[in-house]
Every structure is written in C-alpha cells, then in structure tokens.
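Working notes, structure below.
Numbering (mature numbering (1 follows the signal peptide of the UniProt record, and there is no 0)), first residue to last: -22 to -1, 1 to 665.
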C-alpha cells in the first residue's frame, strides 16, 4: 500500500505540477491520479495518525501539501478540525500554507477557534506559526475571536485577544464579541472585553446593542451590569424595551421601565411602529392593557399613534390573521419567578381590537393610502371586527386613494363571507378604481375568480361587461386565468365572447396570450371566432410566438388555434368539427393531408379514429376529408414558420421523412398501412 500511495503521489506531481504537454489523454489521466491522491491525503488527515501523512507526503515536492481536497479544504484545515496536534506540526513543517481558505473563507485558525481542544495546543501552534488572528471569513465576516465568542469559548477568545485579536471587530451582521457574551449572560467575559476596549454602544441592526442581546436572552444580571456601565441613550435602551415587549416578557418590561426607559420612545426601526402597534399586531392583549393603563401617564402611547405609514394600532390589530392558540412562551426562561398569567396573549385578534376601540380608537382612521380600518378588516376577512367598526361609526362606503371601496378589498382577497356581509350592507359592486377595475375584476385576478364570489356579485347587479381602462372585461380575465367555471357563469349573465379590448383582443386572444389552451378550446366550442383579428390584423394563433413561449401550454394552444382556423377557412363549423380533430396532433394532420393526395376518402375514413367520446357521422367525416383532399397543403401553409421552433417538412417529402423516422417501429409496413390499422398514437390531451 505504501508503494502504491507513493507511486500515485509521484505521478500526481509529474502530471499536475509539471504539466501534461497539451495531451488530452495525459490530462485526463492526471485528473484521475490527482483525485486518487487527494482521497488518500484526505483520509490520512482525518485519521489523526501522523505516520499516514508522512508516508504520503515525505517523498513528494512540498507543493503537494497544499492540494485542495474534497470539499475544497486543505490537509492542514482537516488536521486542525480533528485536533491532531502532531499532524498539524508535521504539515506546518512540510510547508502547509496557514492562510489558505475554504469556500466560506475560513482559514486554519478559524477552525482552531471553534474545536474543543484541551489546552488549546493546536490554536497556540498556529498562532506561533504566524496565523493572522484577525483574518476575516469572506462570506460571514467572522474572525477567529467572533467564532470563539459565539461558541462560548471565552478562555480561547481571551487567548486570541492576548495575541492581538481586535475586540471591536464585527461580522457582516454587525455582531461583536460583546453581543455574544451578553446573549449568553457571560459576565466575566463581558467585563474582560469591555476592559480591553470593546464598544458597549456597537449596534448590529439599528438599536441592537449588547443590551438588546441580553434582553433577548433574558439575562437579567447582564442587563443590570450593562445598565450600570453606560447610559440608556448609549445602550439604545428603547430598542431593548421593544424586543422585551415583542417577546411578551412582562418582567423585563417592568425592569426596564423601572430603570427609566421611556415607553413612548421605543419604536420599531423598520416602520417606526410604537409598542402599542406591536401589541396590537401580535395580539398581546395583556401587555397592551398594561402599557395603556399602568405606565406613567406622561409616557403613555396615544391610542391613535401613527407609524411611518400613518397606520394606527387599530389598523395593526385588523391586519392580524385569526389565531388558533395562545402564543408559546416556553422559550422564555426568566431568572426571576414570573406568574404565567403575565405571558397570556389573546385567543383571537378581537381581544386587542376590542381593547383599543373601548379606549376610543378612531374607527375611521386613514393611513398614507387613505386605507381605513374597515378596508383592512375586509381584506383579512374579520367579520366581527367589521361589524364592530360599523357600530363605532366606520363608513361602509369609504374609498382609498385609488377609489377602491371596502368590497374591492374583500373581493381581491377572495373573502366570500365578507363579500356577502358587505353586499347585504349595500356596498356597491359597480364602484371602479382609478384604472377602471371593479370588485368583480379584482376577484378574477386571483386564479380567474371564485364561483361563489362572482355569483354573489352578479346577483347583486355587477355588470359582466364592465371593462377596465384597457378595455378588459371580466370574461377576458377569467379566460386568461383558465377558469372555465367562472367564464361560463359570466356567459350565463350576458358576457359577450367577441367583445374587444383596446388592442382588439377578443376573449379568445386573452386565453391564447396566456397559454390557457383548455379555455381556448372551450371558447371555440362555444362559438368564438378563430379568424377574428386584432387591430394589427393578426389572429389569436399569430399572437403566440413558440420560440419565446417555450412552455408546452403555448405550443398546444398554437396547434389548437391553427386547427380551428383551418376548419373555419374551409367552411367547417368549428364547434362541430373541432371535437373530431381534438385527438390529433398537427403533424398527424399534415400526414393525413398528404395522404389525401394519394388515397380515397374511404381510405382516409378508415385511417382516422377520433376519441371514443366523439360521435362522428359518416357525412361529417366525408366533409372533413373532402376538405383535406381539396386543400391538402393548407395546414402546412398556414403554420407561422417564424413561430415554430422546427420548420415544417415540405409536403412532398413528408411521407418519406416520416417513414424514415418511424422505420424501426413500422415492421416493414408503410405509414398509410399503420394509419389504416389504427396504431398511430392519438392523444386527446395533446389539444
């Protein structure tokens, strides 16, 4: 084995370190040898047996020691991770590069800072060898000190600081060693770091100082110590209060308030929401009650306080999703005895909502977009909230800045119960927003609409032909979303198949443009005209570019519309004849068209087998195949060559090409014979 390994290593050096003279075969062989060598070296480094490493590396050039192994790590990094001090010592003596990085940017010292190594032998060895104690991992921004602090290895972290590690360094998230110490409640280490120059005011995200980390970790002793070392302003104490409220930690809230933290100044950095907004949004009813009634009156938050978007706490409460159970507080491990009741949350969003209304919250408050609380409650489907708001004077006919009424919001969010509630209250289903969209169209934008909602709107007087500013009618939208049930409902209430939008698009165009092939076929069977053109004089099929629309649904829609156009141009009723063709591909139709030059109508009749579900009279079949015989090239001529990915085969060569492609499967028979036998694959779902 030793000989094999040495031989492999020597070949590696010859083939990879000195080049392969441009010989592809030699290069391939070199790659194989390199992989084999790397595998041996990785196993030896992992084994923790220095003799294995010596057998492999001793006879070789020193450059082999820095070979990147599986996982893009070096033998030195692996040896450090396995805490093999003799291996590390040998590799360093052999010339291992101490600063080489793996994909995350970690170096050998990064690994050494996190492994449990009694006596820190490996760590000391690397530092003595000149490892950079402030090396930054490229992806995360961690230094060895930050990794050690994050793992709670305070003695190792102190050793790194003693040898020059920067105590103010932070990772890419802004977290420092002091943040880690505070979160763990490690007072001794925190005191050491502060004594060595750590910045007690350093923030990760805005406001997230070491105090914030200590509060999140519920480390009361650490919180008390930090408050004794810096001012509330330096510690951004309001942010710490915000996170204690967010975690529903009443004990910590009381503690911070007792230390003088101002309730009214504690706000979320992202949107500027107050603690009352936070309680409303998270349904922390007891915390909200405490803030509204128990804190000093001068610090109490106004019940209609506004965040940066002018949202009030009442609107924040209306935004909540219905809760199913109380918030889990099992992760809060207070260092003091705290009654469980202090952690209670409301069972439903109504709890905090009722509290705010009872305190005089404005039921008609508007945000920056003139959205009312009732708009929000309707969007979220909160029926009881909506009724309470109306009882407190909320306007049922309020409009936002886009002219959207309350019903528009309920329809857009597909809230059937809320839609019924609002219609019963007399909210208009005809009110359109600035771009002309109605509540009906708003519902259709969600997967083509909901039958219950659409039916309620139509029964309440919504106009199935009321278009938006682009001329799009409800049927345009339901067809584009491939929703045939809603489309049929709209037709039942008077929608027009052939109405055009501002581009000249009929409903069939809308279906084609979105590749809604099932609805396109349904529309054709309902009588939609496949020869109708838009204002650019293009039919629906010509709107589909199968080169840019790669999805099968677009190609299938194109094929379907091409067949429908062929039928219409030959005077054949599309609703009658399309089902007859629905089991055939266009390529098969080309084949039949070509056969019509050489075969009788009876031969074609025998060859063609439509779906069993389609009843086809002899007269209808004869008409179809007479059209094929009279116009044998039309299917090929009508194909948009620029739209097809592969140009169609010339008709005169089609049979020969088809026979060549199918030869292995024909068993010596002609294509015509196979067609007559009925063995040609016909899939109805192709169209």
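Positions of the beta carbon are idealized from the N, C-alpha and C atoms, including for glycine.
Three-state secondary structure assigned by DSSP to residue i
{"i": "residue 148", "result": "strand"}
{"i": "residue 344", "result": "strand"}
{"i": "residue 228", "result": "helix"}
{"i": "residue 79", "result": "coil"}
{"i": "residue 393", "result": "coil"}
{"i": "residue 245", "result": "strand"}
{"i": "residue 252", "result": "strand"}
{"i": "residue 99", "result": "helix"}
{"i": "residue 350", "result": "strand"}
{"i": "residue 511", "result": "coil"}
{"i": "residue 484", "result": "coil"}
{"i": "residue 154", "result": "strand"}
{"i": "residue 522", "result": "coil"}
{"i": "residue 408", "result": "coil"}
{"i": "residue 543", "result": "helix"}
{"i": "residue 384", "result": "helix"}
{"i": "residue 331", "result": "helix"}
{"i": "residue 239", "result": "coil"}
{"i": "residue 530", "result": "helix"}
{"i": "residue 18", "result": "helix"}
{"i": "residue 374", "result": "coil"}
{"i": "residue 494", "result": "coil"}
Residue i versus residue j: straight-line alpha-carbon distance, rounded
{"i": "residue 237", "j": "residue 276", "result": "16 Å"}
{"i": "residue 222", "j": "residue 329", "result": "21 Å"}
{"i": "residue 218", "j": "residue 186", "result": "7 Å"}
{"i": "residue 254", "j": "residue 410", "result": "35 Å"}
{"i": "residue 333", "j": "residue 285", "result": "19 Å"}
{"i": "residue 206", "j": "residue 169", "result": "12 Å"}
{"i": "residue 80", "j": "residue 108", "result": "19 Å"}
{"i": "residue 509", "j": "residue 550", "result": "13 Å"}
{"i": "residue 437", "j": "residue 414", "result": "21 Å"}
{"i": "residue 66", "j": "residue 93", "result": "14 Å"}
{"i": "residue 371", "j": "residue 162", "result": "51 Å"}
{"i": "residue 243", "j": "residue 216", "result": "6 Å"}
{"i": "residue 144", "j": "residue 124", "result": "10 Å"}
{"i": "residue 174", "j": "residue 147", "result": "12 Å"}
{"i": "residue 427", "j": "residue 261", "result": "32 Å"}
{"i": "residue 435", "j": "residue 467", "result": "11 Å"}
{"i": "residue 105", "j": "residue 160", "result": "27 Å"}
Outcome for residue i when other beta-carbon atoms lying within 10 angstroms are tallied against a minimum of 16
{"i": "residue 181", "result": "buried"}
{"i": "residue 641", "result": "Residue placement at residue 641 cannot be trusted, given a pLDDT of 47 that sits under 50; what the coordinates show is reported in the next sentence. Burial call: exposed."}
{"i": "residue 383", "result": "buried"}
{"i": "residue 375", "result": "exposed"}
{"i": "residue 314", "result": "Note on residue 314: pLDDT 35, under 50, position unreliable in the model; the coordinate value appears next. Counting Cβ neighbours within 10 Å, residue 314 comes out exposed, since fewer than 16 surround it."}
{"i": "residue 442", "result": "buried"}
{"i": "residue 302", "result": "At residue 302 the pLDDT is 38, less than 50, meaning the model places this residue with poor confidence and gives no usable figure here."}
{"i": "residue 514", "result": "exposed"}
{"i": "residue 246", "result": "buried"}
{"i": "residue 402", "result": "exposed"}
{"i": "residue 55", "result": "buried"}
{"i": "residue 13", "result": "exposed"}
{"i": "residue 48", "result": "exposed"}
{"i": "residue 346", "result": "exposed"}
{"i": "residue 479", "result": "buried"}
{"i": "residue 227", "result": "buried"}
Beta-carbon proximity check, residue i vs residue j, cutoff 8 Å
{"i": "residue 416", "j": "residue 339", "result": "no"}
{"i": "residue 78", "j": "residue 52", "result": "yes"}
{"i": "residue 495", "j": "residue 521", "result": "no"}
{"i": "residue 460", "j": "residue 484", "result": "no"}
{"i": "residue 199", "j": "residue 165", "result": "yes"}
{"i": "residue 407", "j": "residue 431", "result": "no"}
{"i": "residue 387", "j": "residue 353", "result": "yes"}
{"i": "residue 543", "j": "residue 517", "result": "yes"}
{"i": "residue 476", "j": "residue 446", "result": "no"}
{"i": "residue 440", "j": "residue 501", "result": "no"}
Cutoff 8 Å: residue i Cβ touching any chain C Cβ
{"i": "residue 508", "result": "Although the question refers to chain C, the structure presented lacks it and comprises just one protein chain."}
Closer than 7 Å: residue i CB and nearest the ligand NAP heavy atom
{"i": "residue 218", "result": "Looking for the ligand NAP in the displayed structure turns up nothing, as the structure carries no ligands at all."}
Requested in this report: Report the residue ranges of all alpha helix (DSSP H) runs contained in full by the stretch 269 to 301; include only those spanning at least 4 residues, in chain order.
Outcome: The qualifying runs are 291 to 296.
Requested in this report: Pick out the complete alpha helix (DSSP H) segments inside the stretch 99 to 129, 4 residues or longer, and give them in chain order.
Outcome: Runs of the alpha helix (DSSP H) spanning 4 or more residues and lying entirely within the stretch 99 to 129 occur at 99 to 106, 122 to 128, in chain order.
Query raised in the report: Which ranges would you report for the alpha helix (DSSP H) in the stretch 34 to 69 if only whole runs of at least 4 residues count?
Result: Counting only runs of 4 or more, we get 53 to 59.
Query raised in the report: If you scan the stretch 425 to 473 from start to end, which runs of the alpha helix (DSSP H) of 4 or more residues do you find wholly inside it?
Result: Taken in chain order, the whole alpha helix (DSSP H) runs of length 4 or more contained in the stretch 425 to 473 are 429 to 437, 452 to 458, 462 to 470.
Requested in this report: Identify every run of the alpha helix (DSSP H) within the stretch 137 to 223, keeping only runs that are complete inside it and at least 4 residues long; order them along the chain.
Outcome: Segments of the alpha helix (DSSP H) lying fully in the stretch 137 to 223: 155 to 162, 165 to 173, 188 to 194, 198 to 207.
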